[in-house]
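A.B. asks: Counting in my numbering, the sequence shown runs from 21 upward without gaps.
In this text, a Cβ means the ideal position worked out from N, Cα and C, and glycines have one as well.
Before I ask anything, let me first share the structure, which is written out below as structure tokens.
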Amino acid sequence: PLTKVIENSQKKVEGRNFISRKYVLQYDNVMNKQREIIYSERRRVIEGEDLKDHVLNMAFEFVDEHIESCVADSKYSEEWDLADLEKQIKGLCSDFVLEIKDNSQLTVEELTDIIHEKIKELYEAKEEEIGSERMRELERMIIIRVVDNKWMDHIDAMDQLRTGIGLRGIGQQDPAMAYANEGFDMFEEMISNIKEDTVKFAFNVTVRTDSQRKQVI
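Here it is as structure tokens:
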């Protein structure tokens with residue numbers, strides 16, 4: 021009967037709408053979780069938290085990744101490419117110099133401690149050059165600017181991903197799952213970029229006058 025056909029069609033439409041709403045909720049849930057992490061980072065700045073250790077920890081995480089890459093090529097310390105490691109860390113802090121004459125008996129832990137100490141000394145020197153109060157202000161300004169810029173770019177990228185993700189269903193792939201997985205990878209990359217840019221700005225900022233200081237900020 022016609023009424024039965026209409027009823028079945030209605031159920032199919034409602035079923036599709038339910039699936040569509042489910043995907044929308046899943047998409048929004050992914051972004052909400054990411055937004056919570058970003059907003060918690062912004063709150064640290066807005067509430068005036070001392071961010072010196074936070075910036076230093078970002079720097080340590082950055083160098084640790086490069087140390088891991090350096091030592092992964094060989095289990096023998098004398099074969100580590102310390103010149104390339106120094107080059108990578110110089111990209112973070114232009115004044116960094118890794119002075120190790122003999123690394124034949126060096127352990128990964130010792131290498132890490134040496135680099136962490138040098139990084140900390142360089143940051144202390146930067147703070148002494150600029151002044152502690154001004155350095156705390158610059159740390160807050162740098163973090164908020166970097167986080168906001170990266171987050172806005174990430175939102176655009178996630179919108180583009182969401183727009184094209186529906187095509188995954190054609191290949192028997194759950195669009196919501198694909199969105200969550202790829203969105204996670206993109207978010208991780210954004211966090212890594214936030215850390216790297218924050219540390220680069222903090223280590224290499226130079227402030228000489230009030231006008232230059234405003235320009236830097």
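Can you tell me where the alpha helix (DSSP H) with Thr183 in it begins and where it stops?
C.D. replies: Your numbering for residue 183 matches position 163 in the sequence shown. Counting along the chain, the alpha helix (DSSP H) containing Thr183 begins and ends at 152 to 185.
A.B. asks: For Val219, count the other beta carbons within 10 Å of its own beta carbon; 16 or more makes it buried, fewer makes it exposed. Which is it?
C.D. replies: In the sequence shown, the residue the question calls residue 219 occupies position 199. Buried, because 16 or more other Cβ atoms sit within 10 Å of the Cβ of Val219.
A.B. asks: Please classify Met210 as buried or exposed, where buried requires at least 16 other C-beta atoms within 10 Å of its C-beta.
C.D. replies: Taking the sequence shown and counting its residues from 1, one reaches residue 210 at position 190. Label assigned to Met210: buried.
A.B. asks: Could you pull the start and end residues of the alpha helix (DSSP H) that Ser212 belongs to?
C.D. replies: In the sequence shown, counting from the first residue as 1, residue 212 sits at position 192. Residues 195 to 224.
A.B. asks: Counting only the same chain and skipping the five closest in sequence on each side, list residues whose C-beta sits under 8 Å from that of Glu106.
C.D. replies: To locate residue 106, count along the sequence shown from 1; it is residue 86. So the list reads Phe116, Val117, Leu118, once near-sequence residues are dropped.
A.B. asks: Tell me whether Tyr143 is buried or exposed, calling it buried when 16 or more other Cβ atoms sit within 10 Å of its Cβ.
C.D. replies: Taking the sequence shown and counting its residues from 1, one reaches residue 143 at position 123. Burial call: buried.
A.B. asks: Compare the beta carbon distance of Val65 and Ile164 with 7 Å and say whether it is the shorter of the two.
C.D. replies: On the sequence shown, residue 65 is found 45 positions in, with the first residue counted as 1. On the sequence shown, residue 164 is found 144 positions in, with the first residue counted as 1. Against a cut-off of 7 Å, the Cβ pair of Ile164 and Val65 comes out as a contact.
A.B. asks: Tell me, to the nearest whole angstrom, how far the beta carbon of Ala222 is from that of Ile162; I am working on the premise that it is less than 8 Å.
C.D. replies: If you number the sequence shown from 1, residue 222 lands on position 202. If you number the sequence shown from 1, residue 162 lands on position 142. Indeed, because the Cβ distance is near 6 Å, the residues count as touching under 8 Å.
A.B. asks: Any Cβ of chain C within less than 7 Å of the Cβ of Val219?
C.D. replies: No chain C appears in the structure shown, which is made up of a single protein chain.
A.B. asks: Spatial neighbours of Asn213 within its chain, please: C-beta separation below 8 Å, excluding the five flanking residues on both sides.
C.D. replies: Position 193 of the sequence shown, counted from the first residue, corresponds to residue 213. Closer than 8 Å at the Cβ level, and outside the excluded window around Asn213, lie Lys170.
A.B. asks: Candidates Met155, Glu88, Asp84, Asp101: which alpha carbon is nearest Asp122's?
C.D. replies: Taking the sequence shown and counting its residues from 1, one reaches residue 122 at position 102. Nearest of Met155, Glu88, Asp84, Asp101 to Asp122, Cα basis: Asp101.
A.B. asks: Let me make sure I understand the geometry here. Which of Lys110, Met78, Glu147, Arg55 has the alpha-carbon closest to that of Val225?
C.D. replies: As a working mapping, residue 225 is identified with position 205 in the sequence shown. Checking every option, the nearest Cα to that of Val225 belongs to Glu147.
A.B. asks: So, using beta-carbon positions, are Tyr47 and Arg182 closer together than 7 Å?
C.D. replies: Counted from its first residue, the sequence shown places residue 47 at position 27. Counted from its first residue, the sequence shown places residue 182 at position 162. Yes, they are a contact pair.
A.B. asks: Does the stretch 198 to 208 come within contact of the stretch 60 to 74, defined as at least 3 CB pairs closer than 8 Å?
C.D. replies: No contact exists between the stretch 198 to 208 and the stretch 60 to 74.
A.B. asks: How big is the Cα-Cα spacing for Glu98 and Asn52?
C.D. replies: For the purposes of this step, residue 98 is taken as residue 78 along the sequence shown, with counting starting at 1. For the purposes of this step, residue 52 is taken as residue 32 along the sequence shown, with counting starting at 1. Going from the Cα of Glu98 to the Cα of Asn52 covers about 48 Å.
A.B. asks: Measuring alpha carbon to alpha carbon, tell me which residue in Glu208, Cys113, Gly184, Gly151 is nearest Val227.
C.D. replies: Numbered from its first residue, the sequence shown carries residue 227 at position 207. Nearest of Glu208, Cys113, Gly184, Gly151 to Val227, Cα basis: Gly151.
A.B. asks: Are the CB atoms of Ile185 and Ala198 within a distance shorter than 7 Å?
C.D. replies: For this step, residue 198 is matched to residue 178 along the sequence shown. For this step, residue 185 is matched to residue 165 along the sequence shown. Closer than 7 Å, so yes.
A.B. asks: What number of angstroms, rounded off, separates the C-alpha of Ser89 from the C-alpha of Leu158?
C.D. replies: For the purposes of this step, residue 89 is identified with residue 69 of the sequence shown, where counting begins at 1. For the purposes of this step, residue 158 is identified with residue 138 of the sequence shown, where counting begins at 1. Distance between the alpha carbons of Ser89 and Leu158 is about 31 Å.
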